[in-house]
Amino acid sequence: MIGRGTGKGESSAGHSQSWRDLAGSVRPRKKSSLLRRRRWRALLKLLSLMGVLLGLLGGGFWLWQKADDPQAPMEISAPSQPLENILFKTDGALPDQWLSRTVDLSIGTNLMEIDIYDLKERLEKVGQVRTATVERAFPNALRISLKEQSPVLRLVLQGKDGTLKEQVVSDDGTVYDGIGYSRTVRRGLPYLQPYLHGDGGYLPVLGIPRVAELLQLAKSTYPELCGDWDVVSLEHYTGDTRLPGQIIEVRTKLVPRILFGAGKDFDLQLKRLEYILEKVQDSGNPSMERIDLSLRGLAAVQFSSREVNFFP
Numbered sequence: 049m050i051g052r053g054t055g056k057g058e059s060s061a062g063h064s065q066s067w068r069d070l071a072g073s074v075r076p077r078k079k080s081s082l083l084r085r086r087r088w089r090a091l092l093k094l095l096s097l098m099g100v101l102l103g104l105l106g107g108g109f110w111l112w113q114k115a116d117d118p119q120a121p122m123e124i125s126a127p128s129q130p131l132e133n134i135l136f137k138t139d140g141a142l143p144d145q146w147l148s149r150t151v152d153l154s155i156g157t158n159l160m161e162i163d164i165y166d167l168k169e170r171l172e173k174v175g176q177v178r179t180a181t182v183e184r185a186f187p188n189a190l191r192i193s194l195k196e197q198s199p200v201l202r203l204v205l206q207g208k209d210g211t212l213k214e215q216v217v218s219d220d221g222t223v224y225d226g227i228g229y230s231r232t233v234r235r236g237l238p239y240l241q242p243y244l245h246g247d248g249g250y251l252p253v254l255g256i257p258r259v260a261e262l263l264q265l266a267k268s269t270y271p272e273l274c275g276d277w278d279v280v281s282l283e284h285y286t287g288d289t290r291l292p293g294q295i296i297e298v299r300t301k302l303v304p305r306i307l308f309g310a311g312k313d314f315d316l317q318l319k320r321l322e323y324i325l326e327k328v329q330d331s332g333n334p335s336m337e338r339i340d341l342s343l344r345g346l347a348a349v350q351f352s353s354r355e356v357n358f359f360p
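Residue numbers for the sequence shown follow our numbering, beginning at 49 and rising by one.
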């Protein structure tokens, strides 16, 4: 029995030892499973962070491309129907008939099929158009708005076949047909004698912005002086006011030649012209050949009698 007891004790001791071994083997498995879950979570967080970073980098690259090419069109899909109306607006004289011929769009064309960027470019190639805006007005209309050139002079050109054609010159020197201008508007524009280049040509027309300043100031502030201005000659004006002797010559019914200094104060010269005309009128209104306002500090008046007087 003792032997059995000893056997039982030995058996019991052996059984206790096996339980501890089993318990010790289970705990590492729990720790390994927990460790794997933690690693997976860390990996998922890392992948999520990388995805966010890649998205930010992609978005930044796209914005950089758009900033590098601001003219790139961005199309946004919207409900579209066949074209039924063209909404036309202009601040000038171009008529609806001209627009119909120029845009050449067929009613019924799908609105989204119209290339509004090409249409804008074609409109702005017309000399009379300064800027054009073309927009889709959903669901079925096209909106076209124009800003036209401001006419300041007219120019007579001779074609290859010898025929004469009158064109209009804008305040920035653009030469164009002047479509839609009334006779009253055209007659109110002085003729231009342009500066001739070394090759005998007149294009590009030089010096017009400065001439436009003179004409606009005279019309707004001294309208009684410029009512009979017939011709503006740029024969002695290259368009560069920094050069000496740059003259804008105006020919009128009263005075055949009035010389303005292109680089000098126009308001001061017009005030001096107003003073001279009043003085001449008070002295019996003798006929004048030329008034030179381009001199420094005074003006010279040459009368038909060849007499020359100076005015402060």
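Virtual Cβ for every residue (Gly too), placed ideally from N, Cα, C.
Here the structure is a predicted model, which is why all the values come from computation and not from measurement.
Check: What's the C-alpha gap between I295 and S281?
Finding: The residue labelled residue 295 in the question sits at position 247 within the sequence shown. The residue labelled residue 281 in the question sits at position 233 within the sequence shown. Taking the straight line from one Cα to the other gives about 9 angstroms.
Note to self: I'd like the list of long-range same chain contacts for P334, defined as Cβ closer than 6 angstroms, with 5 residues on each side in sequence excluded.
What the structure shows: By 1-based counting over the sequence shown, the position of residue 334 is 286. F351, listed in sequence order.
Margin query: When you compare the region 298 to 306 with the region 270 to 284, are there three or more beta-carbon pairs, one atom per stretch, that lie closer than 8 angstroms?
Written below: yes
Item checked: N-terminal and C-terminal residue of the beta strand (DSSP E) that E196 is part of -> Counted from its first residue, the sequence shown places residue 196 at position 148. Unbroken beta strand (DSSP E) run through E196: 189 to 196.
Next item on the list: Could you check if F186 is buried or exposed, using at least 16 other CB atoms within 10 Å of its CB as the buried criterion?
Entry: What you label residue 186 is simply residue 138 of the sequence shown in a count that begins at 1. Classification for F186: exposed.
Check: How many whole angstroms separate the CB atoms of L131 and I155, which I take to be in contact at a CB cut-off of 8 angstroms?
Finding: The residue labelled residue 131 in the question sits at position 83 within the sequence shown. The residue labelled residue 155 in the question sits at position 107 within the sequence shown. The Cβ separation is near 6 angstroms, so the contact holds.
Margin query: Excluding the 5 residues flanking T286 on each side, which residues of the same chain have their C-beta closer than 8 angstroms to its C-beta?
Written below: What you label residue 286 is simply residue 238 of the sequence shown in a count that begins at 1. Same-chain partners within the cutoff: Y243, L254, G255, Q294.
Margin query: Bridge partners for N133 per DSSP, in chain order?
Written below: Position 85 of the sequence shown, counted from the first residue, corresponds to residue 133. In the DSSP output, where bridge partners are listed per residue, N133 has A189.
Notebook entry, point to check: Considering only C-alpha positions, which residue in the set G207, E214, L201 is nearest to R258?
Noted result: As a first step, residue 258 must be located in the sequence shown, where it is residue number 210. It is L201 whose Cα lies nearest to the Cα of R258.
Check: In terms of residue numbering, what span does the beta strand (DSSP E) encompassing A141 cover?
Finding: Locating residue 141 in the sequence shown gives position 93, where the first residue counts as 1. Per DSSP, A141 belongs to no beta strand (DSSP E) and is neither H nor E.
Checklist line | Expected contact under 8 angstroms - CB spacing of Y239 and V204 to nearest Å | finding: As a first step, residue 239 is located in the sequence shown; it is residue number 191 there, counting from the start. As a first step, residue 204 is located in the sequence shown; it is residue number 156 there, counting from the start. Contact flag correct, Cβ pair sits at about 7 angstroms.
Note to self: Please report the distance separating the alpha-carbon of T269 from that of D166.
What the structure shows: By one-based count along the sequence shown, residue 269 stands at place 221. By one-based count along the sequence shown, residue 166 stands at place 118. Cα to Cα, T269 sits roughly 43 angstroms from D166.
Checklist line | Proximity of F359 and R320 at Cβ, strictly below 8 angstroms | finding: For the purposes of this step, residue 359 is identified with residue 311 of the sequence shown, where counting begins at 1. For the purposes of this step, residue 320 is identified with residue 272 of the sequence shown, where counting begins at 1. Closer than 8 angstroms, so yes.
Checklist line | Buried/exposed call for L142, threshold 16 Cβ in 10 Å | finding: Position 94 of the sequence shown, counted from the start, is the residue given in the question as residue 142. Residue environment: L142 is assigned as buried (16 or more neighbouring CB atoms within 10 Å of its CB, all protein chains considered).
Next item on the list: Can you grab the Cα-Cα spacing for the pair G106 / G99, in whole Å?
Entry: If you number the sequence shown from 1, residue 106 lands on position 58. If you number the sequence shown from 1, residue 99 lands on position 51. Roughly 10 angstroms separates the two Cα atoms.
Notebook entry, point to check: Apart from the five residues on each side of it in sequence, which residues of its chain come closer than 7 angstroms, Cβ to Cβ, to D220?
Noted result: In the sequence shown, residue 220 corresponds to position 172, counting from 1. I256, P257.
Margin query: Suppose you measure from the CA of E161 to the CA of R178; what does that come to, to the nearest Å?
Written below: Indexing the sequence shown from 1 puts residue 161 at position 113. Indexing the sequence shown from 1 puts residue 178 at position 130. Computed Cα separation, rounded: 26 angstroms.
Next item on the list: Give a yes or no on whether the C-beta atoms belonging to V174 and T150 are separated by under 8 angstroms.
Entry: Locating residue 174 in the sequence shown gives position 126, counting from the first residue. Locating residue 150 in the sequence shown gives position 102, counting from the first residue. In contact: V174 and T150 (Cβ atoms closer than 8 angstroms).
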